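K.L.:
Right, I'll just put the structure down here and ask away after.
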Amino acid sequence: MKTSDIMPILRIIKNSVILQMKSNAVSIYFIATLFLQPVVFTVISVGTYLYGNKPDLGLFAITGTGLISIWNNNLFTSGEIIRGERRTGTLSLVMATPTPLLLILLGKSFANAVASVLAMGITFLTGLLAFRLPIGISDPFAFTIGLVLVIFSITCLGLLFGSLFILTRNAGEFVSVANFPVYILSGLSVPLTLLPLWTRPFSQVLTPTWGNIILNAAASGSGGSMLPNYLIILGLSFFYLLIARILYKKVEYLALSAGTLEQW
Amino acid sequence: MPVIVTENLRRTYETTTGVIRRKKKEITALDGVDLSIQSGEMFGLLGPNGAGKTTITRILSTVLLPTSGTAKVFGLDVVKNTREIRPRIGLVFGGERGLYWRLSGYDNLQYFADLYKVQPNVAKRRIPELLELVGLTDRANERIEGYSRGMKQRLHIARGLIHDPEILFLDEPTIGLDPLAARDLREVIRNLNQAGKTIFLTSHYMFEIDALCNRVAIMSKGKILIEDTPSALKKVVANLEVVEIECFGVPQELVAQIRSHPAVEAVNIERLDQSQLIQIQAPAGAELVKEFLAILEGIQVRKVVTRQPTLEDAYIKLVGDEAKKA
């Protein structure tokens, strides 16, 4: 691919990020999801472990809750992006352009994911204020790289679910149901060791599983080399993008065929 | 050289009725449409609501797939060659939707310029030119949620032109605009055609099509009823005259009586502020006014006028004939 081909792609992603950030800044729904949800989840999750005499799992609860917030925020706002495009009547117009919809949504979803870094911060802060859990992160460098990678990867995973919103305006109900298995199977709400063995293959193809392992290890200082886990997250991200590319082509065709692009 | 060709184009939609025993129903939006539009033409598609105008515009602009038949733009298939067609066409829908309300007019154009892969230096030059063309230079940096309907509609035109398309599809572009804004917009459309753009315009305003288009097709219930120049279409009603009776509170039974008069070709009712305007098409020189007034005996009549038919009357007759056949 030449530089002249890459520049327009980067420009579209950059401008989609800016467009989404401007929209988010005035969206009550987005702000509520971003700020309120991590506080509620942290209080419930950390509280459960502490009052259940498992204080060693406090940090696990913090990182897990942070990732749940990032995942939730990304999933629902990715769906909201397409719902918003339907509402404003721009969905069919952006589909009429030569730019693949996947690229546009990648930029917009990434904007949401970047904003959701705040959710992780709020989670740690809630842990400190409500339960006096220290914010201390043993390996900030590994933690930061892990967080960036997991946010990118969760964005890619969110795009897979987001494709359903192109097909139908009623995808929200399905996504609400599909949301919980992802963070349970990823070991974000309960440790993976408590889940039945047959769930392991599902856990391993979900990027939040690896994100949680990295963030936990980096925060507690218990991990060795992070490189294999980084590579797994990157590999999964490209795997999601590959499936998303195929899925979006199929879904776009089905939406054009059903004539549902302008329903809202 | 034709740039748009459709052959036996059909589009059906499936709807369901009922809650427990759901029944599927097929609705035909387009029923075997054949069209051929030349490069540089200003082609008008007329028809009542639900005639299929929007469906055909969506298919030609690659955002809806036909059920059967073929549609080609620049000789390329609208189903298989969307990637090649999309950069060369522009699409403008009527109404206020289709823009990012939280962005400024300039930012909207910039974003669509990126989506159409317009080079930044070209976009930098073209955006101010387009804003000038549609008269929005002074308001370019304001969020468009504060724009009037006419301003949004003009911005739509600018958005549709951001990548300098060869064909512009305009689907009811003046709908909901006040007369002054609609006139300004028509002037913009006329200038674009004079600059060499092929324009595909749908409308249900006859005078608009009459004023702008070189060639017109009239659609009803998914079919093209007739296709010709506006002046040739007027010949459909050349041997008729139109009696217009403005009156107050006419019951449907009396309108039906007028409609069933053996000499009457077509009847149309327009609702005015306080009154109704009955437009009756009858053979020229038949002198039927007295007979119509006799049918309307007891109804307060404000004004009676006999006039030459227009393109609108040709449209009313053609669509009316089609309805009678059905």
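Protein chains in written order, with this note's numbering: chain A, 42 to 305; chain B, 3 to 328. All C-beta atoms, glycine included, are put in the ideal place defined by N, C-alpha and C. Only a predicted model underlies this, so the values are computations on that prediction, with no experimental measurement involved.
Report yes if the C-beta distance between phenylalanine 184 of chain A and alanine 73 of chain A is below 7 Å; otherwise report no.
P.N.:
No, these two residues do not count as a Cβ contact at 7 Å.
K.L.:
Can you check whether the C-beta of proline 89 of chain B is within less than 7 Å of a C-beta belonging to chain A?
P.N.:
Yes, its Cβ sits closer than 7 Å to a Cβ of chain A.
K.L.:
Using a Cβ-Cβ cut-off of less than 7 Å, give me the residues of the segment 234–248 of chain B that come near chain A, in sequence order.
P.N.:
Those would be none; no residue qualifies.
K.L.:
I think threonine 250 of chain A touches serine 194 of chain A, with their Cβ atoms under 8 Å apart; what is that distance to the nearest whole Å?
P.N.:
The pair is not a contact, with the Cβ atoms about 11 Å apart (cut-off 8 Å).
K.L.:
Looking at C-beta atoms only, is the number of pairs between the segment 120–140 of chain A and the segment 105–123 of chain B that lie closer than 8 Å three or more?
P.N.:
Result yes; three or more Cβ-Cβ pairs closer than 8 Å.
K.L.:
At least one CB of chain A closer than 7 Å to the CB of lysine 126 of chain B: is that the case?
P.N.:
For lysine 126 of chain B, the answer is no, since every Cβ of chain A falls outside 7 Å of its Cβ.
K.L.:
Which class does aspartate 180 of chain A belong to by DSSP, given the choice of helix, strand or coil?
P.N.:
The answer is coil: DSSP assigns aspartate 180 of chain A none of H, G, I, E or B.
K.L.:
Counting C-beta neighbours from all protein chains within 10 Å, is the total for glycine 77 of chain B 16 or more, i.e. buried, or is it exposed?
P.N.:
Per the 10 Å Cβ criterion, exposed.
K.L.:
Would you please state the rounded distance, in angstroms, between the beta carbons of leucine 311 of chain B and valine 244 of chain B? I believe it to be under 8 Å.
P.N.:
The sequence given here has proline at residue 311 of chain B, not leucine. Going by Cβ atoms, the distance from proline 311 of chain B to valine 244 of chain B rounds to 5 Å, so yes, they are a contact pair.
K.L.:
Along chain B, which residues have their Cβ under 7 Å away from the Cβ of isoleucine 53 of chain A?
P.N.:
Those within 7 Å of isoleucine 53 of chain A in chain B are Asp116 and Leu117.
K.L.:
Between leucine 283 of chain A and the ligand FMN, is there a pair consisting of the residue's CB and a ligand heavy atom that are separated by less than 6 Å?
P.N.:
Ligands are entirely absent from the displayed structure, and the ligand FMN is therefore not among its contents.
K.L.:
With DSSP as the reference, identify every bridge partner of lysine 319 of chain B, one or two as the case may be.
P.N.:
Paired residue(s): none; lysine 319 of chain B is not in a bridge.
K.L.:
Using the Cα positions of serine 119 of chain A and asparagine 270 of chain B, report the straight-line distance between them to the nearest angstrom.
P.N.:
Going by the C-alpha atoms only, they are around 50 Å apart.
K.L.:
Between the Cα of isoleucine 59 of chain A and the Cα atoms of A/Leu268, A/Phe221, A/Ala156 and A/Ser230, which residue gives the shortest distance?
P.N.:
Considering only alpha carbons, the answer is A/Ala156.
K.L.:
Could you give the residue range of the alpha helix (DSSP H) that holds arginine 127 of chain B?
P.N.:
Taken as a continuous stretch (DSSP letters only), the alpha helix (DSSP H) holding arginine 127 of chain B covers 122–135.
K.L.:
Measuring only the C-alpha atoms, how far is valine 321 of chain B from threonine 19 of chain B?
P.N.:
When rounded, the distance between both Cα atoms is 29 Å.
K.L.:
Using a Cβ-Cβ cut-off of less than 7 Å, give me the residues of the segment 57–83 of chain B that come near chain A, in sequence order.
P.N.:
Residues Ser63, Thr64, Val65, Leu66 and Leu67.
K.L.:
Using DSSP bridges, identify the partner residues of lysine 55 of chain B.
P.N.:
Note: lysine 55 of chain B sits in no beta bridge, so no partner.
K.L.:
State the start and end residues of the unbroken beta strand (DSSP E) segment that holds serine 86 of chain A.
P.N.:
Serine 86 of chain A -> not in any beta strand (DSSP E); alpha helix (DSSP H) instead, spanning 69–92.
K.L.:
Pull up the distance between the alpha-carbon of tyrosine 108 of chain B and that of histidine 165 of chain B, whole angstroms please.
P.N.:
Roughly 15 Å between the two C-alpha positions.
K.L.:
Which class does glutamate 267 of chain B belong to by DSSP, given the choice of helix, strand or coil?
P.N.:
It is coil, neither helix nor strand.
K.L.:
With C-beta atoms as the reference, is leucine 93 of chain B less than 7 Å away from serine 63 of chain B?
P.N.:
Contact flag set, yes.
K.L.:
Quick check on this structure: which residue in A/Leu238, A/Leu198 and A/Arg127 has the alpha carbon closest to the alpha carbon of asparagine 114 of chain A?
P.N.:
Per the Cα distances, A/Leu198.
K.L.:
Using the three-state DSSP reduction, which class does valine 252 of chain B fall into: helix, strand or coil?
P.N.:
The answer is coil: DSSP assigns valine 252 of chain B none of H, G, I, E or B.
K.L.:
Report the option in B/Gln121, B/Thr56, B/Ser106 and B/Glu174 whose CA atom is closest to the CA atom of isoleucine 211 of chain B.
P.N.:
With distances taken between Cα atoms, isoleucine 211 of chain B lies closest to B/Glu174.
K.L.:
Quick one: is alanine 288 of chain B buried, meaning 16 or more other Cβ sit within 10 Å of its Cβ, or exposed?
P.N.:
Looking at its Cβ environment, which holds fewer than 16 other Cβ atoms inside 10 Å, alanine 288 of chain B is exposed.
K.L.:
Does the segment 47–54 of chain B come close enough to the segment 199–214 of chain B to have 3 or more Cβ pairs within less than 8 Å?
P.N.:
Touching, per the Cβ criterion.
K.L.:
Suppose you measure from the CA of leucine 166 of chain A to the CA of leucine 188 of chain A; what does that come to, to the nearest Å?
P.N.:
Cα-Cα distance, rounded: 17 Å.
K.L.:
Could you compute how far the alpha carbon of valine 7 of chain B sits from the alpha carbon of proline 89 of chain B?
P.N.:
Cα-Cα distance, rounded: 18 Å.
K.L.:
By the three-class DSSP mapping on this structure, what secondary structure does methionine 221 of chain B have?
P.N.:
It is a strand residue.
K.L.:
Once you ignore the five residues that flank proline 60 of chain B on each side, which residues in its own chain have a CB closer than 7 Å to its CB?
P.N.:
Strictly speaking, residue 60 of chain B in this sequence is arginine, with proline absent from that position. For arginine 60 of chain B, where only same-chain residues beyond five positions count, the Cβ hits under 7 Å are Leu66.
K.L.:
Check whether the segment 228–248 of chain B and the segment 299–318 of chain B are in contact - that is, three or more C-beta pairs closer than 8 Å.
P.N.:
The segment 228–248 of chain B vs the segment 299–318 of chain B: in contact.
K.L.:
At least one CB of chain A closer than 7 Å to the CB of leucine 93 of chain B: is that the case?
P.N.:
Chain A, which has a Cβ nearer than 7 Å to the Cβ of leucine 93 of chain B, makes this yes.
K.L.:
With burial defined as no fewer than 16 other Cβ atoms inside 10 Å of the residue's Cβ, what is the status of isoleucine 287 of chain A: buried or exposed?
P.N.:
Classification of isoleucine 287 of chain A: exposed, given that the 10 Å Cβ count is below 16.
K.L.:
With distances taken Cα to Cα, identify the nearest neighbour of glycine 97 of chain B among B/Ile297, B/Ile159 and B/Ile260.
P.N.:
Nearest C-alpha to glycine 97 of chain B: B/Ile159.
K.L.:
I'd like to know whether the C-beta atoms of valine 5 of chain B and threonine 231 of chain B end up nearer to each other than 7 Å.
P.N.:
No, these two residues do not count as a Cβ contact at 7 Å.
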